[in-house]
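First comes the structure, then the notes that go with it.
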Amino acid sequence: MKKINRIVYGKRNVIIIAFRGLLNRLVNLYKQINRYLFFIKSNKESPKLVVYPKITDMNELIDVYNRLSWMYANDPKFKIYISSDLLFDESDPCNLPYQENYINFKSSNIEIVPLDDLNNLLKISTNILIYKYKAIIKLLLSKNFHKIEMIDPLYYSLAESNHMKFSYYNLLDKTTKQEYKEISKANFNKFKQVHHDKNESYIFVTGPSFSRYKEINLNKNSIKIVCNTIIKDTEFLDHIGGPDIITFADPAFHFSSNLYASEFRHLVLSTVQKYNCYIAVPQATVPLMLTHYPRLKNRIIGLSFNQCINIPDETNLAVKPSGSIITFIMIPLASAISSKVYIIGADGRGKKENYFWKHNEKVQLTSLMDSVYNTHPSFFRDRSYSGHYKEHCKYFEQLLRFGESKGTKYSSLTHSYIPALIKRS
């Protein structure tokens, strides 16, 4: 526990974080050089993925097997090879202290192969999944370097968790990706049609001041947009008459195999079933969600990435990525329909805080937080919380100014440290 606290809440060593970031950029640059140096063409065949290097520890084998089972949803289109001489007994219970069990041997597309097969598999692979990041040194002079993808949770920052979040989508063909986009577009149009006469939206986020929601005179003819584990508070959900849309986007807390993310997704399913609401997520996560949870097909709205600030509409269902769900999805989505947007619970970060920002304890899965830390340690280890917050505040102001230029008015109804919301409180 002390080690976890140091990783999560300890003082940030910005020099080491910057050094790891530089190494990550150099690795990505060399991947591109490798591609052009050997005139590599994209492989349009069925994806073949190889885990590298050989795994010699049973706990690590179970860990990798389970992560990949979640990431690729046991999809038979993908063939995944893990090199190991260990015997995986299907009758034995899997030791997964921090993860939900996604291993399904009957439908698994994962095969454990002996070391002798590894070199041949590397040649025919579509992707080489690096589980021990130092192993890339052995591939530096190889024609296969351009294929590497990091799945080592000790590598760097969001590299591993984002790969878990987006890897399934990235390997799909263009036709399949377009089919998922059409699902999102159809659901967005239905959502907009249902709420076309609602000029006000209420955005509820998870800061400490969220608890003051009962003091707000909520317009019943409005859109209620919630995020993340706020759906844990069933008293709140009943008070507002249920959410109209749930938003979430975090790789470690929402699209992972860890226990926190698994429990959160179960909450999403039960909330959608009870209130018949929609969910809004990054478009690249829609295939992963629908493969695991097909019942969400008529309720999921995926938003693509746009380089510039954008309010999504039928012709361009896209938003500019940002480091917080409120600026990433909630405000752009509210602005797409309403002329007045009210924000509750966006407290921001006090000067003496040593995390991203404080969260309301009532809407956190506190008992499962360790499962996130242990599954994705580099996600926390390599984050500069103060730097992240400065960028968050800067972009918040840019986004609200853009929305105001389009005729939308924004107001914060609760306390906030965020300068853009202090101005509009």
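Here my numbering is used: the first residue of the sequence shown is 195, the next is one more, and so on. Note that beta-carbon positions come from the ideal geometry of N, C-alpha and C, so glycine has one too.
Nearest CA to the CA of residue i: which residue from the options?
i: D310; options: I342, Y246, M252, A329; result: Y246
i: A478; options: F449, L461, N504; result: F449
i: F596; options: S606, K584, A614, H582; result: A614
i: I425; options: G436, N415, S416; result: G436
i: H389; options: T509, Y536, K414, M358; result: K414
i: E343; options: L562, P571, K242; result: K242
i: H486; options: L497, S451, L312; result: S451
i: P488; options: F499, P515, E555, V466; result: V466
i: L334; options: V399, I211, L220; result: L220
i: K337; options: S561, Q226, T400; result: Q226
i: S599; options: E585, I505, D576; result: I505
i: Q558; options: V399, P526, N411; result: V399
i: D267; options: L216, L412, E373, F360; result: Note on residue identity: the sequence assigns Ala, not Asp, to residue 267. Looking at the Cα atoms, F360 is the closest of the given residues.
i: L312; options: K386, E376, S277, Y374; result: S277
i: E508; options: D564, G401, N289, Q387; result: Q387
i: P526; options: Y396, P571, E294; result: Y396
i: S456; options: K468, H433, E294; result: E294
i: I439; options: Y469, S240, Y349, M563; result: Y469
i: S240; options: N228, R229, F272; result: F272
i: G215; options: N289, F339, H340, A353; result: A353
i: S498; options: Y374, L223, S405; result: Y374
Distance, Cα to Cα, residue i vs residue j?
i: Y292; j: F458; result: 14 Å
i: L511; j: K379; result: 7 Å
i: I304; j: K248; result: 15 Å
i: I324; j: Q501; result: 29 Å
i: H460; j: S319; result: 34 Å
i: I538; j: Y407; result: 7 Å
i: V244; j: K603; result: 51 Å
i: A329; j: I345; result: 12 Å
i: Y589; j: S301; result: 44 Å
i: V480; j: L463; result: 14 Å
i: I616; j: S605; result: 9 Å
i: A530; j: P476; result: 16 Å
i: I573; j: G601; result: Checking the sequence shown, residue 573 turns out to be Phe, not Ile. Rounded to whole angstroms, F573 to G601 spans 38 Å at the Cα level.
i: Y472; j: K384; result: 10 Å
i: I417; j: T428; result: 18 Å
i: L593; j: F213; result: 31 Å
i: F274; j: V307; result: Note that residue 274 corresponds to Ile in the displayed sequence, not to Phe. Distance between the alpha carbons of I274 and V307: 10 Å.
i: Y454; j: L231; result: 43 Å
i: R575; j: S351; result: 7 Å
i: I297; j: K326; result: 21 Å
i: T569; j: K556; result: 23 Å
i: I503; j: E585; result: 15 Å
i: I211; j: S355; result: 17 Å
i: Y259; j: Y536; result: 44 Å
i: P571; j: N218; result: 16 Å
i: L431; j: F282; result: 44 Å
i: N364; j: H433; result: 40 Å
i: T560; j: I419; result: 23 Å
i: K317; j: L348; result: 26 Å
i: E376; j: A528; result: 21 Å
Excluding sequence positions up to five away, which residues of its chain have a Cβ less than 8 Å from the Cβ of residue i?
i: E284; result: F299
i: N381; result: Y472, N492, R493, I494, I495
i: M358; result: R261, W264, M265, I345, P445, F449, S450, S451
i: K332; result: P247
i: D391; result: N415
i: T370; result: P481
i: T250; result: S278, D279, L280
Short of 7 Å in beta carbon distance, which residues of its chain neighbour residue i, apart from the five on each side in sequence? Order them along the chain.
i: H609; result: S403, D541
i: I138; result: For residue 138 there is no data in the structure shown, the boundaries of the chain being 195 and 619.
i: N393; result: S532, S533, K534
i: I612; result: A540, G542, C587, F590
i: F522; result: A443, V513, P515, S516
i: V566; result: A446, F447, N452, Y454
i: L490; result: V466, I473, M483, L484
i: N228; result: F339, H340
Leaving out five residues on either side along the sequence, give the residues of the same chain with a beta carbon under 6 Å from the beta carbon of residue i.
i: L280; result: M252, L255
i: L482; result: Y362
i: S619; result: S606
i: P270; result: N303
i: L315; result: V244, Y275
Would you check whether the ligand FMN has a heavy atom nearer than 6 Å to the C-beta of residue i?
i: D311; result: Among the components modelled here there is no ligand, and therefore nothing to report on the ligand FMN.
Provide the residue(s) that pair with residue i in DSSP beta bridges, ordered along the chain.
i: K242; result: K273
i: Q501; result: For Q501, which the question treats as bridged, DSSP gives no partner whatsoever.
i: F522; result: Answer is none; F522 lacks a bridge partner.
i: F385; result: In DSSP, F385 forms no bridge with anything.
i: Y396; result: K418, Y536
i: Y604; result: V535
Within 7 Å (strictly less), CB to CB, does residue i reach chain D?
i: E305; result: As a matter of chain content, chain D is missing from the structure shown, which is built from one protein chain.
Write down every uninterrupted run of the alpha helix (DSSP H) in the segment 400-482 whose length is 4 residues or greater and which is fully enclosed by it, in chain order.
For the segment 400-482, whole alpha helix (DSSP H) runs of length 4 or above, ordered along the chain, are 428-433, 453-469.
Curious, which full-length alpha helix (DSSP H) runs of at least 4 residues does the segment 565-599 contain?
Inside the segment 565-599, DSSP marks whole alpha helix (DSSP H) runs of 4 or more residues at positions 571-575, 579-599, from first to last along the chain.
At which residue ranges does the segment 248-311 contain complete beta strand (DSSP E) runs of 3 or more residues, listed in the order of the chain?
With a minimum length of 3 residues, the continuous beta strand (DSSP E) runs that stay inside the segment 248-311 are 273-277, 304-307.
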